[in-house]
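**Q** One structure coming up, written as structure tokens, with questions to follow.
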Amino acid sequence: MDLSQPIEENYANPKTCFFHVFFKASALAFYILSALFADSFVIIFVITVVLSALDFWVVKNVSGRILVGLRWWNEINDQGESTWKFECLDQESLALINPKDSWLFWWTLYLNAACWTILGIFSLVRFQADYVLVVGVCLSLGIANIIGFTKCRKDAKKKIQAFATQTIASRVSSTIQSAFSIV
Amino acid sequence: MSNSYSDSIPLNASSQSDIDEIENLINASVQSGPATVLPARPLSPPRASIPVSTSPFIQSNIPPPPPLSSSSSNQKVPYVPDAPTPPPPVGNSSSILATGFGPTPNTLTEPVWDTVKRDLSRIVSNLKLVVFPNPFREDPGKALRDWDLWGPFFFVVFLGLMLSWSASVKKSEVFAVAFALLAAGAVILTLNVLLLGGHIIFFQSLSLLGYCLFPLDIGALICMLKDNVLVKLIVVCVTLAWSLWAAYPFISSAVNLRRKALALYPVFLMYVSVGFLIIAID
Numbered sequence: 001m002d003l004s005q006p007i008e009e010n011y012a013n014p015k016t017c018f019f020h021v022f023f024k025a026s027a028l029a030f031y032i033l034s035a036l037f038a039d040s041f042v043i044i045f046v047i048t049v050v051l052s053a054l055d056f057w058v059v060k061n062v063s064g065r066i067l068v069g070l071r072w073w074n075e076i077n078d079q080g081e082s083t084w085k086f087e088c089l090d091q092e093s094l095a096l097i098n099p100k101d102s103w104l105f106w107w108t109l110y111l112n113a114a115c116w117t118i119l120g121i122f123s124l125v126r127f128q129a130d131y132v133l134v135v136g137v138c139l140s141l142g143i144a145n146i147i148g149f150t151k152c153r154k155d156a157k158k159k160i161q162a163f164a165t166q167t168i169a170s171r172v173s174s175t176i177q178s179a180f181s182i183v
Numbered sequence: 001m002s003n004s005y006s007d008s009i010p011l012n013a014s015s016q017s018d019i020d021e022i023e024n025l026i027n028a029s030v031q032s033g034p035a036t037v038l039p040a041r042p043l044s045p046p047r048a049s050i051p052v053s054t055s056p057f058i059q060s061n062i063p064p065p066p067p068l069s070s071s072s073s074n075q076k077v078p079y080v081p082d083a084p085t086p087p088p089p090v091g092n093s094s095s096i097l098a099t100g101f102g103p104t105p106n107t108l109t110e111p112v113w114d115t116v117k118r119d120l121s122r123i124v125s126n127l128k129l130v131v132f133p134n135p136f137r138e139d140p141g142k143a144l145r146d147w148d149l150w151g152p153f154f155f156v157v158f159l160g161l162m163l164s165w166s167a168s169v170k171k172s173e174v175f176a177v178a179f180a181l182l183a184a185g186a187v188i189l190t191l192n193v194l195l196l197g198g199h200i201i202f203f204q205s206l207s208l209l210g211y212c213l214f215p216l217d218i219g220a221l222i223c224m225l226k227d228n229v230l231v232k233l234i235v236v237c238v239t240l241a242w243s244l245w246a247a248y249p250f251i252s253s254a255v256n257l258r259r260k261a262l263a264l265y266p267v268f269l270m271y272v273s274v275g276f277l278i279i280a281i282d
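Read top to bottom, the protein sequences are chains A and H.
Take the first sequence: its position 58, counting from 1, is numbered 58 in the UniProt record's numbering, and each next residue is one higher.
Take the second sequence: its position 201, counting from 1, is numbered 201 in the UniProt record's numbering, and each next residue is one higher.
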């Protein structure tokens, strides 16, 4: 109990947090270090982009679910239109989410996008079109996740509000009903 | 219920109508209550558990089948009990004890391995639908309903790698050019279809054009292994024809008849140029 409690106060899901940060950090680190050592561009490109894509998948499917309880995806309905779907945990579980987890989640997302933007500016300044391509791909993956989860969070807040007013309305009407039945 | 009120309690007409109103409110809120209590949507799981050999797309309205709820159990909080092993190229394999969030299973609480399997099976089924003959090609609008960009990503990177390995000089440029050409080409082709007044969804079209690269991937692989010019020519012609055959129904059904050629010609052009790249690499 003593050993596990400090861990729970810090991060509820340390391994998920680790992987959430790991792919982003390794993509950035690999890109920066290899650009310094000037290896074959193909290897740099492939490994960086693969790490970024894996990170995108992990954030979207795993750490988004576990750390903040949100999920987003795109569906095409029967009429052939594309709709964005958002999913969130219900009220009680959202309250149980560790604030440190969600802090880490959001801040690493933003930091990741900021780092790639800075690296992109460096590449632009040096007129290295190849590296701009790599940065462009990684940046677009990061931004896609940011936009998706931000929309999902707003949607979740709306749902919670709607649910809260719904509960209040139903409770008010049930009290009225019970009041009438007593009378 | 309103009858019982009027029987037991003498009320005047306005109070009775008020009570009716309140009852309607109560009934309405009770009925819509359960729908809003469960915020999760179970629509995507049905596609996952359906075996790949049948068409997964038409059944998107079927409620989630029982096997998916097998993983839901009794813990209160989504919690990772054991260490995720170092991820294989496609994802983690940690398992999460799903919670009992009401009666419907949802994608929020499924184990990670389920997600991986679902995405992988989606790639395979999309590939089969696009590239291989199957009865659902007649309805291409519905066929690529479950688009995903992972398959195209792998195929484009694979093609770039093949071309790069086959090249004896300037490997990096070859790879970068191939990747940029394919990515930008797919985007531009999609915009072309959309601007011609076609009805296709942006990501669906990107996904389609990526999957149609699969035959050319095979062609590039064979050309890399066998360096004979004649063999290369034949292989590339065959795979090019296969790619175009695969792409044709989707693109042509998206635009109206008079503009079919306008939509198809740039696709043809792009795949032919990729074919030339494959042949010309030495």
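All C-beta atoms in this analysis are idealised placements derived from N, C-alpha and C, irrespective of residue type, glycine included.
Excluding five sequence neighbours on each side, which residues of the same chain lie with their C-beta closer than 7 Å to the C-beta of A:Ile47?
**A** Around A:Ile47: Phe30.
**Q** With three or more beta-carbon pairs closer than 8 Å as the criterion, would you say the segment 146-164 of chain H touches the segment 8-27 of chain A?
**A** no
**Q** Name the DSSP bridge partner or partners of A:Lys85?
**A** A:Trp73
**Q** List the residues of chain A that H:Thr115 touches, going by C-beta distances under 8 Å, in chain order.
**A** Within 8 Å Cβ-Cβ: Asn61, Val62.
**Q** In angstroms, rounded to a whole number, what distance separates the CA positions of H:Ile281 and H:Ala247?
**A** 25 Å
**Q** From H:Lys117, H:Ala183, H:Asp217, pick the residue whose C-alpha is nearest to that of H:Val235; which is it?
**A** H:Asp217
**Q** According to DSSP, simplified to helix, strand and coil, what is A:Thr16?
**A** The three-state reading of DSSP puts A:Thr16 in helix, counting H, G and I together.
**Q** Which residue from H:Phe250, H:Cys212, H:Tyr265 puts its Cα closest to that of H:Trp242?
**A** H:Cys212
**Q** Between H:Ala178 and H:Leu163, is the Cβ-Cβ spacing less than 8 Å?
**A** In contact: H:Ala178 and H:Leu163 (Cβ atoms closer than 8 Å).
**Q** Classify H:His199: buried if its beta carbon has 16 or more other beta carbons within 10 angstroms, exposed otherwise.
**A** exposed
**Q** Just by C-beta distance, which residues in the segment 18-49 of chain A are closer than 8 Å to chain H?
**A** Phe19, Ser40, Phe41, Val42, Phe45, Val46, Val49
**Q** Ordered along the chain, which non-local residues of its own chain (more than five positions away) have a Cβ less than 6 Å from that of H:Ile123?
**A** Trp150, Gly151
**Q** With H, G and I counted as helix, E and B as strand and the rest as coil, what does DSSP make of A:Phe56?
**A** helix
**Q** If you pair each beta-carbon of the segment 251-259 of chain H with each one of the segment 187-205 of chain H, do three or more pairs fall below 8 Å?
**A** Yes, the segment 251-259 of chain H is in contact with the segment 187-205 of chain H.
**Q** Less than 8 Å between CB atoms is the rule here; does H:Lys170 satisfy it with respect to chain A?
**A** no
**Q** Checking contacts by CB at 8 Å: is H:Ser164 closer than that to chain A?
**A** yes
**Q** Can you list the residues of chain A that H:Leu161 reaches, using a CB-CB cut of under 9 Å?
**A** Val42, Val46
**Q** Quick check on the DSSP output: the alpha helix (DSSP H) that includes H:Phe276 runs from which residue to which?
**A** 260-280
**Q** Following the continuous alpha helix (DSSP H) through H:Lys171, name the residue where it begins and the one where it ends.
**A** Per DSSP, H:Lys171 belongs to the alpha helix (DSSP H) from 171-195.
**Q** Please list, in chain order, the residues of the segment 69-87 of chain A that have any C-beta partner in chain H closer than 9 Å.
**A** Gly69, Leu70, Arg71, Trp73, Asn74, Glu75, Ile76, Asn77, Asp78, Gly80, Glu81, Ser82, Lys85, Phe86, Glu87
**Q** Quick one, are the C-beta atoms of A:Ala27 and A:Ser52 less than 8 Å apart?
**A** yes
**Q** Against A:Ala53, what residues of chain H qualify as contacts under a CB-to-CB distance less than 7 Å, listed in chain order?
**A** Phe153
**Q** Taking only three categories from DSSP, how would you classify A:Ile121?
**A** Per DSSP, reduced to three states, the secondary structure at A:Ile121 is helical.
**Q** Roughly how many angstroms lie between the CA atoms of A:Phe163 and A:Pro99, to the nearest whole one?
**A** 22 Å
**Q** Mind listing the chain A neighbours of residue 325 of chain H? Cutoff is C-beta to C-beta under 8 Å, in chain order.
**A** Since the first residue shown for chain H is 1 and the last is 282, residue 325 of chain H is missing from the structure and cannot be characterised.
**Q** What is the residue span of the alpha helix (DSSP H) that A:Gly64 lies within?
**A** Run containing A:Gly64: none; DSSP gives neither H nor E here.
**Q** Is it the case that the Cβ atoms of A:Leu139 and A:Phe56 are separated by a distance below 8 Å?
**A** no
**Q** Roughly how many whole angstroms lie between the Cα atoms of H:Lys128 and H:Pro215?
**A** 12 Å
**Q** Taking the alpha-carbon positions, what's the A:Ser181 to A:Lys159 distance?
**A** 32 Å
**Q** Starting from H:Trp113 and walking both ways along the alpha helix (DSSP H), at which residues does that stretch end?
**A** 112-131
**Q** For A:Asp101, return the contacting residues in chain H, with the cut-off set at a CB-CB distance below 7 Å.
**A** Here the premise fails: no neighbours, minimum Cβ distance about 11 Å.
**Q** Contact criterion: CB-CB distance below 8 Å. Does H:Leu163 meet it with respect to chain D?
**A** The chain labelled as chain D is not found among the protein chains of the depicted structure, namely A and H.
**Q** Alpha carbons only, please: which of H:Thr239, H:Gly275, H:Ile279 is nearest the one belonging to H:Leu230?
**A** H:Ile279
**Q** Roughly how far, in whole angstroms, is the beta-carbon of H:Leu244 from the beta-carbon of H:Phe268, given that I think they are within contact range, below 8 Å?
**A** Their Cβ separation, rounded to whole angstroms, is 6 Å, which keeps H:Leu244 and H:Phe268 in contact under 8 Å.
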